[in-house]
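Asker: Mapping of the sequence shown onto UniProt numbering: position 61 corresponds to residue 61, and the numbering continues sequentially without gaps.
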Amino acid sequence: MKGARGSMILKIDLAKAYDRINWEFLQSTLVAANLPMDFINLIMGCVTTSSFQVLWNGICTDPFKPSRRIRQGCPLSPYLFTLCIERLNHCIKESVDNGLWNPIYLSHQGPALTHLFFADDLVLFAEADMKQGKAIIDCLDKFCAASGEEVSKDKSCVYFSRNTKDRAQRRISRLLGIKQTSNLGNYLGVPVVHGRVTKDTYKYILENLDKRLSGWKSRSLSLAGRVTLALSVLNALPNYVMQTAVLPCHICDVIDKKIRSFVWGAEEGRTKAHLVTWETVCKPKEEGGLGLRSARALNLAYIMKLCWNFINNNSALWIRVLQGKYINANIDGTVSMRHQRVSRLWKGMLEAFPIVKQGTTWDIRDGESVKFWLDCWVADGVVLKDYANDQDPSVDWNVSVADMADDAGEWKWPNFESLLPHSTVMLIAGTDPPSRDAGEDLTTWGMEADGKFRIKSAYTVAAEWLRKDDNEAAPIQASPKWKQIWKWEGPHRIRYFLWLAFHGRLMTNCERKRRKLCQQDTCDTCRTDPESTEHVLRHCAYATQVWHELGVSDNNLTIGLNLADWMAEHLKNAQAGLLFGVGAWYLWKRRNEWVFDSKQQDPSTLAQRIRSWTNTVRNAQENNGKVHTTQRAKTSTEIAWNPPPPDWIALNTDGSVKQPDSLAAAGGLLRDNSGRCRGAFASNLGACTITRAELMGALQGLKLAWQLGYRKVQMRTDSKTVVSILTSHMMYEGRYHSLWTQLQQLLQQDWEIEISHTFREGNKSADYLANKGHSLSLGFHVIERDDPGLNFWLLYDSMGIAHSRLI
1 MKGARGSMIL KIDLAKAYDR INWEFLQSTL VAANLPMDFI NLIMGCVTTS SFQVLWNGIC
61 TDPFKPSRRI RQGCPLSPYL FTLCIERLNH CIKESVDNGL WNPIYLSHQG PALTHLFFAD
121 DLVLFAEADM KQGKAIIDCL DKFCAASGEE VSKDKSCVYF SRNTKDRAQR RISRLLGIKQ
181 TSNLGNYLGV PVVHGRVTKD TYKYILENLD KRLSGWKSRS LSLAGRVTLA LSVLNALPNY
241 VMQTAVLPCH ICDVIDKKIR SFVWGAEEGR TKAHLVTWET VCKPKEEGGL GLRSARALNL
301 AYIMKLCWNF INNNSALWIR VLQGKYINAN IDGTVSMRHQ RVSRLWKGML EAFPIVKQGT
361 TWDIRDGESV KFWLDCWVAD GVVLKDYAND QDPSVDWNVS VADMADDAGE WKWPNFESLL
421 PHSTVMLIAG TDPPSRDAGE DLTTWGMEAD GKFRIKSAYT VAAEWLRKDD NEAAPIQASP
481 KWKQIWKWEG PHRIRYFLWL AFHGRLMTNC ERKRRKLCQQ DTCDTCRTDP ESTEHVLRHC
541 AYATQVWHEL GVSDNNLTIG LNLADWMAEH LKNAQAGLLF GVGAWYLWKR RNEWVFDSKQ
601 QDPSTLAQRI RSWTNTVRNA QENNGKVHTT QRAKTSTEIA WNPPPPDWIA LNTDGSVKQP
661 DSLAAAGGLL RDNSGRCRGA FASNLGACTI TRAELMGALQ GLKLAWQLGY RKVQMRTDSK
721 TVVSILTSHM MYEGRYHSLW TQLQQLLQQD WEIEISHTFR EGNKSADYLA NKGHSLSLGF
781 HVIERDDPGL NFWLLYDSMG IAHSRLI
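1. Could you work out which residue in ALA705, SER756, LEU80 and GLU267 is closest to ALA33 when comparing CA atoms only?
2. Report the rounded CA-to-CA distance for THR614 versus SER222, giving the unit in angstroms.
3. Would you kindly work out how many angstroms separate the C-alpha atoms of GLN631 and SER804, rounded to a whole number?
4. In the DSSP assignment, find the unbroken alpha helix (DSSP H) run with ARG344 in it and report its ends.
5. Whole angstroms is fine: what's the gap from residue 812's alpha carbon to TRP465's?
6. What residue ranges within the segment 537–609 form continuous alpha helix (DSSP H) runs of no fewer than 4 residues, ordered along the chain?
7. Assuming THR444 and ASP363 make a contact with CB atoms under 8 Å, what is their CB distance in whole Å?
8. Who are the Cβ neighbours of CYS84 in its own chain at under 7 Å, not counting the five residues just before and after it?
9. Tell me, please, whether the segment 229–239 touches the segment 177–193 by the rule of three or more beta-carbon pairs shorter than 8 Å.
10. Evaluate THR717 with the Cβ neighbour count: other Cβ atoms within 10 Å of its Cβ, from every protein chain shown; 16 or more gives buried, anything less gives exposed.
11. If we ignore side chains and look at the alpha-carbon of each, how far apart do ILE485 and LYS283 end up?
12. So, helix, strand or coil for GLN323, using DSSP?
13. Whole angstroms is fine: what's the gap from residue 809's alpha carbon to ASP450's?
14. Whose C-alpha, out of ASP786, LEU587 and GLU754, is nearest the C-alpha of CYS677?
15. Ends of the alpha helix (DSSP H) at HIS492?
16. Quick check: the Cα distance between SER431 and CYS688, rounded to an integer number of angstroms?
17. Report the option in ILE428, VAL536, SER612 and MET37 whose CA atom is closest to the CA atom of CYS376.
18. With distance defined between alpha-carbon atoms, name the residue in ASP129, GLY225 and TYR302 nearest to TRP101.
19. Whose C-beta lies closer than 7 Å to the C-beta of SER400 among residues of the same chain, with five residues either side of it excluded?
20. What residue from PRO66, ARG68, ALA584 and ASN642 has the CA that sits closest to ALA501's CA?
21. Tell me which residue opens and which closes the alpha helix (DSSP H) that ILE137 is part of.
22. Shortest alpha-carbon distance to TYR586 belongs to which of HIS570, GLU569 and THR605?
23. Pick from ALA352, LYS385, ALA438 and PRO480: whose alpha carbon is nearest that of GLY409?
24. From ASP797 to PHE759, what distance separates their C-alpha atoms?
25. Here's the rule: buried if 16 or more other CB atoms are within 10 angstroms of the residue's CB, otherwise exposed. What is MET37?
26. Check this for me: beta carbons of GLU694 and GLY655, under 7 Å apart or not?
27. For the segment 567–579 against the segment 487–502, do three or more pairs of beta-carbon atoms, one drawn from each stretch, fall closer than 8 Å, so that the two count as touching?
28. Look at the alpha carbon of ASP97 and the alpha carbon of THR244, and state the distance between them as a whole number of angstroms.
29. Between the alpha carbons of SER294 and TRP264, how many angstroms are there, rounded?
30. In terms of residues, what are the limits of the alpha helix (DSSP H) holding MET715?
31. Excluding sequence positions up to five away, which residues of its chain have a Cβ less than 8 Å from the Cβ of SER479?
32. Less than 7 Å between C-beta atoms, sequence neighbours within five positions excluded: which residues of the same chain meet that for ALA352?
33. Roughly how far, in whole angstroms, is the beta-carbon of TRP278 from the beta-carbon of ASP256, given that I think they are within contact range, below 8 Å?
34. Beta carbon of GLN714, beta carbon of GLU754: below 7 Å?
35. Give a single yes or no on whether MET304 has its beta carbon closer than 6 Å to a heavy atom of the ligand FAD.
36. Here's the rule I'm using: 16 or more other beta-carbon atoms within 10 Å means buried, otherwise exposed. How should SER532 be labelled?
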């Protein structure tokens, strides 16, 4: 703090806060909160009916009733205590309003700070003088006298800013009866940083990790067990601190090192080989990793969340404090951020803002706040100026999205179509034009379908950013073969063996020689070829005989595949895949028995063991009710188009998206009780998602029905997502909000609408029209009733031809 006046922070501890709450005070608080009297009596009945007995010399005394206390552990108690502590909040505000308590300000534009409360963790802020000390004492005494609470002065402390004179500090400390401190310690489990952050500031995180690890014996756990513990416990330990603090890189690296060593089985004084790189281990499972998280990337993801909230939630106190301290309002109306002499948290946020911007897109509502050419609002994170022909000097690059749409809600294509490539024009066509009735534009997180910020996707972005920053190799792309490992329904530890095998990282002689642990890489079984992972599990003469005994053979599809693809292909089938996975594991187990214990088995004996163990696993699964999900009994149902009741119209709609460019279309038709077509349409929608295509089909179909004068409509779609969005009683706030708004306005018109789901077998006419939309020009097209393809499907449906479907 700077300036002539010093400031002080009081960290107040309430002695046995829950046990000292007076019941009369609690009841008056509930009355002041305007709760119904019946509800208050019910709460007080729960609180005041408790009684106690004391065990004295082995004999219980007579029961007696307390006159205060709310029970810790009761789900209701935190809410009751929060209401009671709110009375102290009112007392402080009254003191501030009367000019008795002077709050502190961290900046000229920032908010006033008087107190922070979280349950019984109290922090008070005031100017450092005797008058303020008396005001604080008066507020605390008044609250304690009414509530029964008591300040534990031995556990409380006061911290003074550097510009407070020593004599004033001593006088105020004596007045308060609270000891002076130069370190406030922890608040809500996080260190209060007073100066430069060092390794010692957060070393307690490493100590907590060591305490956990000291109680676990990694040698008695399999790789699967160690990874499970690392995911559920070790990875989660630093998360709480990471949410509000930028940890030093050294701390993050040591966290990773400790978790990495535990995963690979290292113990104190004993190291183990790390068979797969940490960067690979930290990738998602579908990309060949184990789903563990790098501490640096996770910390960055949490700081990105702070940035996201900073951008989208200006009302929070911490955001207003940072805005007042670090955001400068310039004369020209623009704003700038301070980069010099800033806190460690703000510095970390400044580094994270560009990463957040990379994943942020605009959800177009009225289009007034978004610049058409310069902001990211089109799908796939496209900024239009990057793709535009910027040689045209007449183009206004600062025009808003609203300026590029007319009053009818259609795009002004001549204004931009000639400046952009066709693929980009298709993306714009697949985006809803702005509407004045849709509200203000919103920023959304482009990595999630619903636009909500989540740590999971933020971590992916942060890890990719750090990888580029460190010039690491490109990541392994997601592949179906990795999913085969985790879909495999055998024992968990064998899955991790298969994961190592897919990476070719079993500790074979080839791997040992590569690590300079031995001189020879020859296979100890056949003594002819180098012993690689692929050799042990596939090409060795012994392995070939075992697979032959088990009935596992190669075909034209598998014979030329590499090891990982070969194994994935054999794991696909639920029944045969279980046998194959167990067989691969036993081949490796047999190899180790031969190398280390000189135990040998002939191939037929090993094959018999594999079959026996596979049957044991299968029986165990069946006894536990974990039968293969693919074997769930399904019933065959005949699906056909059903005519609507008399006086009703059936509206069938559908959407279609074709890859690789996500070109979308929609279509639908109206039919009466006799199956006669009363109207049909098809639309070319540009490039968009299948959900938007389905919603557009529903919107255009309902508009057509309304325009044709039909007032009893059964709308049928094969998209369960659309049915869920349209029938939910909750407001939809996802990326299709504009479409949802238009649909709700239509549904609220004076007509009867029934919305239901149908399977695609009963929606073939609409499916034909949606596919026809791909061959049409952009926009909505009415399809005439003499269309040959439409007539074929109309006849098909009117004949009641049904298709079987397993449901």
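Where a beta carbon is used, it is the ideal one built from N, C-alpha and C, also for glycine.
Answerer: Answer, in terms of the structure:
1. Along the sequence shown, one-based indexing puts residue 33 at 33. That would be LEU80, whose Cα lies nearest to the Cα of ALA33.
2. For this step, residue 614 is matched to residue 614 along the sequence shown. For this step, residue 222 is matched to residue 222 along the sequence shown. Taking the straight line from one Cα to the other gives about 20 Å.
3. Within the sequence shown, residue 631 is the residue found at index 631, counting from 1. Within the sequence shown, residue 804 is the residue found at index 804, counting from 1. The pLDDT assigned to GLN631 is 49, lower than 50, so where the model puts this residue is not dependable; a value taken from the coordinates is nonetheless given after this. So the alpha carbons of these two residues sit roughly 19 Å apart.
4. Sequence index remark: in the sequence shown, residue 344 carries index 344 (1-based). Counting along the chain, ARG344 sits inside the alpha helix (DSSP H) bounded by residues 344–359.
5. Since the displayed the chain opens at 1 and closes at 807, residue 812 lies outside it and no answer follows.
6. DSSP runs (the alpha helix (DSSP H)) wholly in the segment 537–609: 541–550, 563–571 and 574–597.
7. Residue 444 sits at position 444 when you count from the first residue of the sequence shown. Residue 363 sits at position 363 when you count from the first residue of the sequence shown. Going by Cβ atoms, the distance from THR444 to ASP363 rounds to 5 Å, so yes, they are a contact pair.
8. Counted from its first residue, the sequence shown places residue 84 at position 84. Same-chain partners within the cutoff: ILE21, PHE25, LEU26, THR29 and SER147.
9. The answer is no - the segment 177–193 does not touch the segment 229–239, with fewer than three Cβ pairs under 8 Å.
10. Position 717 of the sequence shown, counted from the start, is the residue given in the question as residue 717. Answer is buried; the Cβ neighbour count reaches 16.
11. Your numbering for residue 485 matches position 485 in the sequence shown. Your numbering for residue 283 matches position 283 in the sequence shown. Their Cα atoms are separated by approximately 15 Å.
12. As a first step, residue 323 is located in the sequence shown; it is residue number 323 there, counting from the start. GLN323 falls in the helix class under three-state DSSP.
13. Shown here, the chain extends from 1 to 807; a query on residue 809 therefore has no answer.
14. The count along the sequence shown starts at 1 and reaches residue 677 at position 677. With distances taken between Cα atoms, CYS677 lies closest to ASP786.
15. By one-based count along the sequence shown, residue 492 stands at place 492. Where HIS492 is concerned, the enclosing alpha helix (DSSP H) stretches over 492–502.
16. Within the sequence shown, numbered from 1, the residue matching residue 431 stands at position 431. Within the sequence shown, numbered from 1, the residue matching residue 688 stands at position 688. Looking at the sequence itself, residue 431 is Thr, so the reference to Ser does not match. Taking C-alpha positions only, THR431 is separated from CYS688 by approximately 7 Å.
17. Looking up residue 376 in the sequence shown gives position 376. The residue with the shortest Cα to Cα distance from CYS376 is ILE428.
18. Your numbering for residue 101 matches position 101 in the sequence shown. Residue nearest to TRP101 within the set ASP129, GLY225 and TYR302 is ASP129 (criterion: CA-CA distance).
19. For the purposes of this step, residue 400 is taken as residue 400 along the sequence shown, with counting starting at 1. In the same chain as SER400, and ignoring 5 residues on each side of it, the C-beta atoms closer than 7 Å to its own belong to GLY367, GLU368, VAL370, LYS371 and PHE372, in chain order.
20. Reading the sequence shown from its first residue, position 501 is the one you call residue 501. Out of PRO66, ARG68, ALA584 and ASN642, the CA that lies nearest to the CA of ALA501 is found in ALA584.
21. For the purposes of this step, residue 137 is taken as residue 137 along the sequence shown, with counting starting at 1. Taken as a continuous stretch (DSSP letters only), the alpha helix (DSSP H) holding ILE137 covers 130–147.
22. Residue numbering aside, residue 586 sits at position 586 when the sequence shown is read from its first letter. The shortest Cα separation from TYR586 among HIS570, GLU569 and THR605 belongs to THR605.
23. Taking the sequence shown and counting its residues from 1, the one referred to as residue 409 is at position 409. Per the Cα distances, ALA438.
24. Here residue 797 is taken as the residue at index 797 of the sequence shown, counted from 1. Here residue 759 is taken as the residue at index 759 of the sequence shown, counted from 1. Looking at the two C-alpha atoms, the distance is approximately 14 Å.
25. Reading the sequence shown from its first residue, position 37 is the one you call residue 37. Classification for MET37: exposed.
26. Here residue 694 corresponds to residue number 694 of the sequence shown, with the count starting at 1. Here residue 655 corresponds to residue number 655 of the sequence shown, with the count starting at 1. With contacts defined by Cβ atoms closer than 7 Å, GLU694 and GLY655 form a contacting pair.
27. Touching, yes.
28. Along the sequence shown, one-based indexing puts residue 97 at 97. Along the sequence shown, one-based indexing puts residue 244 at 244. When the Cα atoms are used, ASP97 and THR244 turn out to be separated by approximately 32 Å.
29. Your numbering for residue 294 matches position 294 in the sequence shown. Your numbering for residue 264 matches position 264 in the sequence shown. The straight-line gap from Cα to Cα measures roughly 16 Å.
30. The count along the sequence shown starts at 1 and reaches residue 715 at position 715. No alpha helix (DSSP H) contains MET715, which is instead part of the beta strand (DSSP E) from 712–717.
31. Along the sequence shown, read from residue 1 onward, the residue named residue 479 stands at position 479. The residues are GLU286, GLU287 and GLY288.
32. Counting from one through the sequence shown, the residue named residue 352 turns up at place 352. Contacts found: LEU300, ILE303, MET304 and CYS307.
33. Counting from 1 along the sequence shown, the entry for residue 278 is found at position 278. Counting from 1 along the sequence shown, the entry for residue 256 is found at position 256. Between TRP278 and ASP256 the beta-carbon gap is near 6 Å, inside 8 Å, which marks them as a contact.
34. As a position in the sequence shown, residue 714 is number 714, starting the count at 1. As a position in the sequence shown, residue 754 is number 754, starting the count at 1. GLN714 places its beta carbon less than 7 Å from that of GLU754.
35. As for the ligand FAD, it is missing from this structure, which has no ligand bound.
36. By one-based count along the sequence shown, residue 532 stands at place 532. By the neighbour-count rule (16 or more Cβ atoms within 10 Å), SER532 is buried.
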